[in-house]
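Following the numbering used here, the numbering of the sequence shown begins with 38 at its first residue and continues without gaps. Using N, Cα and C, we set each Cβ at its ideal position, and we do this for glycine too. A quick note: this is a predicted structure, and the numbers were derived from the prediction, not measured.
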Amino acid sequence: MPRQLDQLPTDATTLARKVKALEEQVRELRGARRLSSATLGLVQTAPDGDRVALEQSSKSLRVYGPDGETVLAELGPTADGGGGLWTRGRQEPNNFSASLNSGELAFRPVQDGLVQVPGKMYYDTDAFQYSDLTLTSGSVGVSDHRALLILESIYAGATPYVYVQGENSTQCNMDVLGVLTAKNIAFGQVNITPSAPNTPTSAVVSGLGLMGSTFYAVATAVTSAVGTSVTGVGVTGVTASGLTVWLTRSSTTLTPVYWMVMGS
38 MPRQLDQLPT
48 DATTLARKVK
58 ALEEQVRELR
68 GARRLSSATL
78 GLVQTAPDGD
88 RVALEQSSKS
98 LRVYGPDGET
108 VLAELGPTAD
118 GGGGLWTRGR
128 QEPNNFSASL
138 NSGELAFRPV
148 QDGLVQVPGK
158 MYYDTDAFQY
168 SDLTLTSGSV
178 GVSDHRALLI
188 LESIYAGATP
198 YVYVQGENST
208 QCNMDVLGVL
218 TAKNIAFGQV
228 NITPSAPNTP
238 TSAVVSGLGL
248 MGSTFYAVAT
258 AVTSAVGTSV
268 TGVGVTGVTA
278 SGLTVWLTRS
288 STTLTPVYWM
298 VMGS
């Protein structure tokens with residue numbers, strides 16, 4: 038039967054190393070026990086000035102500027118108990134915050150009372166008939182109208198829709214800073230030289246490929262001699278693929294005609 042003395046290292050150096058390792062392990066265990074029972078008050082990367090601080094009172098992570106007072110960014114839990122997070126960054130003229138909770142992302146100034154209705158982006162679906170993503174502008178006053186952009190997908194392969202409107206389907210103006218194009222609208226110019234004076238002459242426009250089921254068209258001659266030399270302009274055969282443009286003139290002068298087709 039081995040003796041306890043036989044289980045010890047044979048030299049003093051090895052014994053000292055093992056005792057030191059054992060002391061370090063005991064120290065780490067004690068530190069872990071103290072940390073598990075301690076209340077974290079404030080942890081930060083520097084005592085003042087530029088720093089990142091984790092604050093127990095607000096349960097938030099803050100980034101401070103060089104003056105040690107200005108909060109450049111903050112991340113913390115929402116106060117509504119829903120398990121969400123809110124963030125803010127340094128912006129002018131006001132600091133803005135964003136709150137993510139229960140599938141809804143809301144935006145508002147950090148300072149209370151500046152905006153009564155926050156801007157939001159939220160998702161909604163019944164997992165069967167529809168799936169909607171809605172963007173709303175929010176408003177400064179409770180009674181102010183808000184602008185909404187609604188992206189709607191319908192079940193069973195139906196055509197999805199994009200709605201631009203005010204809340205409760207009120208009017209909403211839309212300003213496009215650029216060229217607006219749509220697959221159900223086509224326009225252009227065709228030049229018509231009458232085959233004879235006062236004889237309706239046509240030109241065919243083809244290859245449009247418009248979207249829609251019902252199509253409407255208008256045409257107008259590029260002229261100042263309306264009712265004198267140019268006595269008539271019309272369209273026939275309006276379809277998704279094209280139309281026929283007609284011109285009547287008292288002479289055989291080549292005349293440009295503008296046309297437009299819209300599908301619905």
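{"Item": "Within its chain, find whatever has a CB closer than 8 Å to the CB of G342; leave out the 5 residues flanking it on each side and keep chain order.", "Value": "What is shown of the chain runs 38 to 301, which leaves residue 342 out entirely."}
{"Item": "To the nearest angstrom, how far is the alpha carbon of R88 from that of G140?", "Value": "32 Å"}
{"Item": "So the beta strand (DSSP E) A184 belongs to, where does it begin and stop?", "Value": "184–191"}
{"Item": "Distance check for A116 and E92, CA to CA, integer angstroms please.", "Value": "15 Å"}
{"Item": "Where does R54 fall in DSSP's three states?", "Value": "helix"}
{"Item": "What separation, rounded to the nearest whole angstrom, lies between the Cα atoms of A110 and R145?", "Value": "15 Å"}
{"Item": "Can you name, in chain order, every residue of its own chain whose Cβ lies under 8 Å from the Cβ of D169, other than the five neighbours on each side?", "Value": "Y160, D161, T162, I187, L188, E189, S190"}
{"Item": "Does the ligand ZN have even one heavy atom less than 6 Å from the beta-carbon of T292?", "Value": "The ligand ZN is not part of the structure shown, which contains no ligands of any sort."}
{"Item": "Which of the three DSSP states is assigned to T76 in this structure?", "Value": "Interpretation of T76 is limited by its pLDDT of 49, a score under 50 that renders its predicted location unreliable; the figure taken from the coordinates is listed afterwards. Looking at T76 - three-state DSSP - the assignment turns out to be coil, as it is neither helix nor strand."}
{"Item": "Kindly list the residues whose CB is nearer than 6 Å to the CB of V241, restricted to its own chain and excluding five residues on each side of it in sequence; keep chain order.", "Value": "T281"}
{"Item": "Among residues of its own chain, excluding the 5 on either side of S301, which ones have a beta-carbon nearer than 8 Å to its beta-carbon?", "Value": "N221, G249, S250, T251, F252, Y253"}
{"Item": "List the residues that DSSP assigns as beta-bridge partners of R145.", "Value": "S134"}
{"Item": "So, helix, strand or coil for L291, using DSSP?", "Value": "coil"}
{"Item": "Rounded to whole angstroms, what's the CA-CA distance from K157 to V100? Just pull it up for me.", "Value": "25 Å"}
{"Item": "Give me the Cβ distance between V294 and V270, rounded to the nearest whole Å; I'm assuming they're in contact under 8 Å.", "Value": "6 Å"}
{"Item": "Name, in chain order, the residues that DSSP records as bridge partners for L284.", "Value": "T238, V270"}
{"Item": "Return the Cβ separation of S134 and V152 in integer angstroms, given the expectation that the two are a contact with Cβ distance under 8 Å.", "Value": "11 Å between Cβ atoms; not a contact."}
{"Item": "Would T285 pass as a contact of T268 if the rule is Cβ separation under 7 Å?", "Value": "yes"}
{"Item": "Expressed to the nearest angstrom, what Euclidean distance is found between the alpha-carbon atoms of F224 and G126?", "Value": "47 Å"}
{"Item": "Of the choices V199, G194, V227, R54, whose alpha-carbon is the least far from that of S239?", "Value": "V227"}
{"Item": "According to the neighbour-count rule (16 or more other Cβ atoms, all chains shown, within 10 Å of its Cβ), is T292 buried or exposed?", "Value": "buried"}
{"Item": "Compute the Euclidean distance between the alpha carbons of F165 and A195, then round it to the nearest angstrom.", "Value": "13 Å"}
{"Item": "Just how far apart, CA to CA, sit T218 and T276?", "Value": "19 Å"}
{"Item": "For the beta strand (DSSP E) containing F252, list its first residue and its last residue.", "Value": "252–258"}
{"Item": "Ignore the nearest five residues each way along the sequence and tell me which others in W283's own chain have a CB closer than 6 Å to its CB.", "Value": "P237, S239, G271"}
{"Item": "DSSP three-state call for R127: helix, strand or coil?", "Value": "coil"}
{"Item": "If you follow the beta strand (DSSP E) that E106 is in, where does it begin and where does it stop?", "Value": "Segment: none, E106 is in no beta strand (DSSP E) and carries neither H nor E."}
{"Item": "Spell out the partners DSSP gives T162 in its beta bridges.", "Value": "S168"}
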